[in-house]
Amino acid sequence: MEKGNSVNLVKNTARVTNVPIVIVASAFGVEAIRRDGHAHWAAVAAKAGAAGFEVRRELFADDTQSQPDSLRELGDKIRAAGMWPVYSTPATLFDDQGALDESAMTLTLAEADALGARIVKFQLGGSPVTGTATDESTLDRLIAGVAGSKSKVVVENGQLKAGGTIDAFAALFEALKPRKHTLSMTFDTGNWRWANQDPLDAAKRLGEYVTYVHCKAVQGEGARRFATAPAMDDTYFTTLLAQLPRDVPRGIEFPFDPAHMADDAARYVQQIATA
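Numbers 1 to 275, taken from the UniProt record's numbering, label the letters of the sequence shown in order.
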């Protein structure tokens, strides 16, 4: 099949399935993003049929790229390519004592606003022992901070025990449930493995809070684990996705072959949209 027809098929498939696909910048590799910039690879993602492009703050080549003018320019380029931006930060909503990190929240939301992000993604953080604070004062300040964002605010399960356990997310969202709020969750299908958590159990317990899914499979054990593309016949992966909301964006967060970036991007947009 010719490349042009392949890309059209990807776009049509994503439209029919109603699953918006986001390509995460890191899929193109740290070196490529820092060398060429996010905008260059966002254009490749657009040609592959992606609906969104996830900008990773930790991949900026220098601090000037996180300044408001630079972020506005990058956001404009992503939208001009026909996609919407997602903003991802390694910042955590809660510090390592479990307290709400309001300064990190304020700074990140301002950066996401400058980018014009549809979604802004934090790590949860918190104490590896006690999780996050859920007292009324903390929840009030969290809800107020999130409500002031122009982007949808989500927290992602990370690869560490702090901010990577099912119980930590369940405790926070259960505490928030009686209140009116807009915080939701990014469910990373692979990160649970690093934190020694069962992804299927996580999906069953947390699926109702999920509005964005990061897709990847995991190979290896212990410290030698690494992210990889789900195989076409990976029934575990498809079973896991079936436990999660079907109509939320799915992000591709596994590495592409450096020799075939554009082809991989187009192929995996189609595969993840229909999984």
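Ideal Cβ positions, reconstructed from N, Cα and C, are used throughout, including at glycine.
Residues near residue i in its chain [Cβ-Cβ closer than 7 Å; skip 5 each side]
{"i": "LYS161", "result": "PRO128, ALA195"}
{"i": "TRP41", "result": "ALA25, PHE28, ALA32, ILE33"}
{"i": "SER70", "result": "THR64"}
{"i": "VAL7", "result": "Note that VAL7 has pLDDT 46, beneath the 50 cutoff, so the model's placement of it is unreliable and no number is given."}
{"i": "ILE272", "result": "ILE21, CYS215, ARG250, ILE252"}
{"i": "MET261", "result": "PHE28, VAL44"}
Opposing strand residues paired with residue i [DSSP bridges]
{"i": "LYS121", "result": "SER88, VAL154"}
{"i": "ALA227", "result": "VAL218"}
{"i": "ARG250", "result": "ILE21, VAL213"}
{"i": "MET185", "result": "VAL155, VAL210"}
Rounded distance between the beta-carbons of residue j and residue i, thought under 8 Å
{"i": "PRO230", "j": "CYS215", "result": "7 Å"}
{"i": "VAL248", "j": "VAL210", "result": "6 Å"}
{"i": "LEU176", "j": "LEU139", "result": "6 Å"}
Cβ neighbour criterion (16 or more within 10 Å) applied to residue i
{"i": "PRO20", "result": "buried"}
{"i": "ASP257", "result": "exposed"}
{"i": "LYS152", "result": "buried"}
{"i": "GLN270", "result": "buried"}
{"i": "THR189", "result": "buried"}
{"i": "TYR212", "result": "buried"}
{"i": "ARG193", "result": "buried"}
Residues near residue i in its chain [Cβ-Cβ closer than 6 Å; skip 5 each side]
{"i": "LEU9", "result": "With a pLDDT of 43 at LEU9, under the threshold of 50, the predicted position of this residue should be treated as unreliable, and no value is reported."}
{"i": "ALA275", "result": "THR238, LEU241"}
{"i": "TYR87", "result": "VAL55, ALA112, LEU115, ALA117, VAL120"}
{"i": "SER149", "result": "LEU109"}
8 Å Cβ shell around residue i - same chain, five flanking residues per side excluded
{"i": "GLY207", "result": "PHE187, GLN243, LEU244, PRO245"}
{"i": "ASP234", "result": "ALA217"}
{"i": "PRO90", "result": "ARG57, GLU58, GLN123"}
query = With a cut-off of 8 Å, do at least 3 Cβ pairs link the stretch 23-36 to the stretch 93-100?
reply = no
request  = Evaluate contact between the stretch 107-126 and the stretch 134-144, counting only Cβ atoms and requiring at least three cross-stretch pairs below 8 Å.
outcome  = no
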